[in-house]
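**Student:** Numbered according to my numbering, the sequence shown spans residues 91 to 513.
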Amino acid sequence: MKQLLIGFILFPTLMSAQRGYEQQIEAIESKVIEWRRDFHQNPELSNREFKTAEKIAKHLKSLGIKTQTGIAKTGVVGILKGNRPGKVLALRADIDALPVTERTDVSFKSTVTTTFRGVETGVMHACGHDTHTAILMGVAELLARNNDFPGTVKFIFQPAEEGAPPGEEGGAELMVKEGVLKGPDVDAIFGLHISAGMDVGKINYKPGGAMAASQSFEIHVKGKQSHGSRPWASVDPIMASVKIIDGLQTLVSREMELTNEAVVLSIGKISSGVRSNIIPEEAHIVGTLRTLDYDMQAQINQRMREMVPAIAKAYRAEATIDIAKGYPITYNDEKLTAQMLPSLQRVAGEENVILARAITGAEDFSFFQKEVPGFYFFLGGKPANVPASEAAPHHTPDFYIDESGMKLGIKAFVQLTLDYLND
91 MKQLLIGFIL FPTLMSAQRG YEQQIEAIES KVIEWRRDFH QNPELSNREF
141 KTAEKIAKHL KSLGIKTQTG IAKTGVVGIL KGNRPGKVLA LRADIDALPV
191 TERTDVSFKS TVTTTFRGVE TGVMHACGHD THTAILMGVA ELLARNNDFP
241 GTVKFIFQPA EEGAPPGEEG GAELMVKEGV LKGPDVDAIF GLHISAGMDV
291 GKINYKPGGA MAASQSFEIH VKGKQSHGSR PWASVDPIMA SVKIIDGLQT
341 LVSREMELTN EAVVLSIGKI SSGVRSNIIP EEAHIVGTLR TLDYDMQAQI
391 NQRMREMVPA IAKAYRAEAT IDIAKGYPIT YNDEKLTAQM LPSLQRVAGE
441 ENVILARAIT GAEDFSFFQK EVPGFYFFLG GKPANVPASE AAPHHTPDFY
491 IDESGMKLGI KAFVQLTLDY LND
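1. If I'm right that G110 touches N237 with Cβ under 8 Å, what's the distance once you round it to whole angstroms?
2. Excluding five sequence neighbours on each side, which residues of the same chain lie with their C-beta closer than 8 Å to the C-beta of A234?
3. Shortest alpha-carbon distance to T201 belongs to which of R138, A216, N132 and E258?
4. Kindly indicate which residue of N350, E372 and D220 has the alpha-carbon position closest to the one of A402.
5. Grab the span of the beta strand (DSSP E) containing Y421 for me, first residue to last.
6. Which class does L355 belong to by DSSP, given the choice of helix, strand or coil?
7. Below 8 Å, how does it come out for the segment 296-307 and the segment 220-228: are there three or more Cβ pairs, yes or no?
8. Using DSSP's beta-bridge definition, name the partner residues of R174.
9. State the DSSP-derived secondary structure class of T103, mapped to helix, strand or coil.
10. Exposed or buried, D513, counting other C-beta atoms within 10 Å across all chains shown (16 or more means buried)?
11. Compute the Euclidean distance between the alpha carbons of K497 and H484, then round it to the nearest angstrom.
12. For the beta strand (DSSP E) containing D412, list its first residue and its last residue.
13. Using the C-alpha atoms, what's the distance from I246 back to F101?
14. Could you tell me how far apart the beta carbons of M346 and I413 are, in whole angstroms, since I believe they sit closer than 8 Å?
15. Going by CA-CA distance only, name the one from I369, I449, L431 and I375 that's closest to D383.
16. Where do the ends of the beta strand (DSSP E) carrying R380 lie?
17. Buried or exposed: where does A400 fall if 16 or more other Cβ atoms within 10 Å of its Cβ makes it buried?
18. Is the distance from the Cβ of I284 to the Cβ of G499 below 8 Å?
19. In the DSSP assignment, find the beta strand (DSSP E) that holds E210 and state where it starts and stops.
20. Determine the burial state of H317: buried for a count of at least 16 other Cβ atoms within 10 Å of its Cβ, exposed for fewer.
21. Which same chain residues end up closer than 8 Å to D275 when comparing Cβ atoms and leaving out the 5 residues on each side of it in sequence?
22. Assign L338 to one of three DSSP states: helix, strand, or coil.
23. With distance defined between alpha-carbon atoms, name the residue in G261, G172, V190 and C217 nearest to N137.
24. With a 10 Å radius around its C-beta and 16 neighbouring C-beta atoms as the bar for buried, classify D492 as buried or exposed.
25. Taking L282 as part of the beta strand (DSSP E), name the residues at either end of that continuous run.
26. Check whether the Cβ atoms of D454 and E268 lie closer than 8 Å to each other.
27. Which residue marks the beginning of the alpha helix (DSSP H) containing V266, and which one marks its end?
28. Measuring alpha carbon to alpha carbon, tell me which of S306, G471 and Q392 ends up nearest A254.
29. Just verifying my parser: in three-state terms, what is the DSSP assignment at V325?
30. For L426, which three-state DSSP category applies?
31. Who pairs with S316 in a beta bridge, going by DSSP?
32. Among residues of its own chain, excluding the 5 on either side of V325, which ones have a beta-carbon nearer than 6 Å to its beta-carbon?
33. Whole angstroms is fine: what's the gap from D289's alpha carbon to F489's?
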């Protein structure tokens with residue numbers, strides 16, 4: 091009976107606090123949008139987010155939040171204690187941009203350029219990480235201003251979600267390695283990703299495997315150079331590469347039981363040669379593999395290692411393949427997901443919180459989820475009057491987010507935090 095009475099006393103208190111947050115969220119929205127536009131106009135690539143990290147740290151320190159910098163190179167962590175003991179919850183936002191030249195006509199368009207892997211390119215927040223960062227900064231301000239909750243909140247601003255530069259470590263995996271989930275030890279972690287293809291006001295979620303494991307791979311093909319007029323004197327690495335690419339696709343279409351889970355194998359780059367009348371000596375192939383089942387991943391990895399050199403040999407060439415470890419499956423803890431679903435429904439409306447299917451995109455948030463229970467969901471960022479078929483995809487020059495959707499992200503994180511810590 092005593093526990094029941096505590097519940098009845100606590101519930102009105104929480105509801106009152108949440109109504110207070112609602113008013114403050116309305117007031118802080120314009121500030122969050124301003125932060126987002128600043129990050130968007132000044133994007134930085136993975137492991138090079140120096141100015142971004144500096145702005146985040148300055149904000150956290152101004153709130154009186156204990157702030158750690160230089161985590162996993164450029165990561166920032168804020169630790170906020172409530173007014174009484176309790177659990178430790180982590181909230182994560184990724185902060186890096188992409189080597190994409192922006193084509194939108196927004197007033198805060200990025201004009202930043204750089205050299206990426208030897209290629210001149212623009213730099214753009216073409217995946218919405220600028221919105222994630224601004225949202226979490228807003229949540230930090232609200233919770234710091236109203237710390238009437240038990241436990242501790244860790245704000246994790248993570249660099250290099252898009253992958254560290256060649257030869258470097260980075261991202262969530264390095265953060266975990268450096269102890270970001272320790273001191274104090276995290277009990278659970280939440281993350282979100284804005285979606286350019288889903289209407290503002292909507293939230294998607296999926297228990298269990300929500301996003302695929304991803305692996306990049308590189309194939310080097312060695313042939314014999316010759317004049318283009320005498321192909322019989324060559325061992326053509328381009329022809330061997332074409333056959334390798336063709337063969338790899340049959341691993342998906344003919345060897346994977348796709349009624350179990352999806353598998354995607356895509357080639358993103360093939361480079362070889364210098365001019366029209368020279369058959370080159372070498373070719374280089376780069377691609378990505380996405381899987382939602384670890385047994386299927388192991389099977390296709392083995393067959394790739396068998397097939398690539400065998401096909402090359404059939405065309406008198408030699409080939410080697412290197413498959414990266416990559417990101418694990420983004421796996422939402424089923425119990426935690428069920429526990430927090432009412433929180434999302436409370437802020438978005440039950441009809442706007444949609445059970446989704448798994449997608450073949452990947453997220454290094456999965457490294458956090460391998461250590462502690464985690465819940466990762468998607469936030470609508472598409473203007474309602476734009477058909478989904480016309481919305482520019484993520485990682486493209488025309489990527490666009492309706493900033494009015496960010497407010498729901500703030501509400502969701504605040505509600506999830508209060509409900510989890512007070513449960």
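Glycine included, each C-beta is placed from N, C-alpha and C at the ideal position.
**Tutor:** Looking at the coordinates:
1. The residue you call residue 110 lines up with position 20 of the sequence shown. The residue you call residue 237 lines up with position 147 of the sequence shown. The beta-carbon separation of G110 and N237, rounded to 13 Å, does not stay under the 8 Å limit for a contact.
2. To locate residue 234, count along the sequence shown from 1; it is residue 144. Closer than 8 Å at the Cβ level, and outside the excluded window around A234, lie L153, G154, I155 and L170.
3. Along the sequence shown, one-based indexing puts residue 201 at 111. It is N132.
4. Position 312 of the sequence shown, counting from 1, holds the residue named residue 402. Proximity to A402 across N350, E372 and D220 peaks at E372, based on C-alpha coordinates.
5. Position 331 of the sequence shown holds residue 421. Residues T420 to N422.
6. Position 265 of the sequence shown, counted from the start, is the residue given in the question as residue 355. Residue state, collapsed to three classes: strand.
7. Result no; under three Cβ-Cβ pairs closer than 8 Å.
8. Within the sequence shown, residue 174 is the residue found at index 84, counting from 1. Per DSSP, P240.
9. What you label residue 103 is simply residue 13 of the sequence shown in a count that begins at 1. At T103 the pLDDT is 49, less than 50, meaning the model places this residue with poor confidence; the figure from the coordinates comes in the next sentence. T103 falls in the helix class under three-state DSSP.
10. Translated into positions along the sequence shown, residue 513 becomes position 423. Its Cβ having fewer than 16 others within 10 Å, D513 is exposed.
11. As a working mapping, residue 497 is identified with position 407 in the sequence shown. As a working mapping, residue 484 is identified with position 394 in the sequence shown. As the crow flies, the alpha-carbon of K497 is around 20 Å from that of H484.
12. The residue given as residue 412 occupies position 322 in the sequence shown. For D412, the enclosing beta strand (DSSP E) begins and ends at E408 to I413.
13. Along the sequence shown, read from residue 1 onward, the residue named residue 101 stands at position 11. Along the sequence shown, read from residue 1 onward, the residue named residue 246 stands at position 156. Because the pLDDT of F101 is 42, which lies under 50, any placement of that residue in the model is unreliable, and the question is left without a value.
14. Here the question's residue 346 lines up with position 256 in the sequence shown. Here the question's residue 413 lines up with position 323 in the sequence shown. Going by Cβ atoms, the distance from M346 to I413 rounds to 16 Å, so no, they are not a contact pair.
15. Residue numbering aside, residue 383 sits at position 293 when the sequence shown is read from its first letter. Sorting I369, I449, L431 and I375 by C-alpha distance to the C-alpha of D383 places I449 at the top.
16. The sequence position of residue 380 within the sequence shown is 290, counting from 1. DSSP places R380 in the uninterrupted beta strand (DSSP E) bounded by E372 to T381.
17. By one-based count along the sequence shown, residue 400 stands at place 310. Residue burial annotation: A400 is exposed, with fewer than 16 other C-beta atoms found within 10 angstroms of its C-beta.
18. Within the sequence shown, residue 284 is the residue found at index 194, counting from 1. Within the sequence shown, residue 499 is the residue found at index 409, counting from 1. Result yes, Cβ atoms of I284 and G499 sit closer than 8 Å.
19. Within the sequence shown, the letter at position 120 stands for residue 210. Unbroken beta strand (DSSP E) run through E210: V209 to G212.
20. Numbered from 1 along the sequence shown, position 227 holds the residue referred to as residue 317. By the 10 Å Cβ count, H317 comes out exposed.
21. Sequence index remark: in the sequence shown, residue 275 carries index 185 (1-based). A distance below 8 Å between beta-carbons, with the five flanking residues on each side excluded, links D275 to the following residues of its chain, in chain order: V178.
22. On the sequence shown, position 248 is the one that residue 338 refers to. L338 falls in the helix class under three-state DSSP.
23. Along the sequence shown, one-based indexing puts residue 137 at 47. Scanning G261, G172, V190 and C217 for the CA closest to the CA of N137 turns up G261.
24. Mapped onto the sequence shown, residue 492 falls at position 402. Buried.
25. For the purposes of this step, residue 282 is taken as residue 192 along the sequence shown, with counting starting at 1. From DSSP, the beta strand (DSSP E) with L282 extends over A278 to D289.
26. For the purposes of this step, residue 454 is taken as the residue at position 364 of the sequence shown. For the purposes of this step, residue 268 is taken as the residue at position 178 of the sequence shown. Pairing D454 with E268 gives a Cβ-Cβ distance that is not under 8 Å.
27. Within the sequence shown, the letter at position 176 stands for residue 266. First-last of the alpha helix (DSSP H) with V266: G261 to K267.
28. As a first step, residue 254 is located in the sequence shown; it is residue number 164 there, counting from the start. Of the candidates S306, G471 and Q392, the residue whose Cα lies closest to the Cα of A254 is S306.
29. Within the sequence shown, the letter at position 235 stands for residue 325. Assignment of V325 by DSSP, reduced to helix, strand and coil, places it in the strand class.
30. As a working note, residue 426 is residue 336 in the sequence shown. When secondary structure is reduced to three states using DSSP, L426 falls in the helix class.
31. The count along the sequence shown starts at 1 and reaches residue 316 at position 226. Partner(s): I369.
32. For the purposes of this step, residue 325 is taken as the residue at position 235 of the sequence shown. Answer for V325: G313, K314, R406 and A407, listed in chain order.
33. Against the sequence shown, residue 289 aligns to sequence position 199. Against the sequence shown, residue 489 aligns to sequence position 399. Distance between the alpha carbons of D289 and F489: 14 Å.
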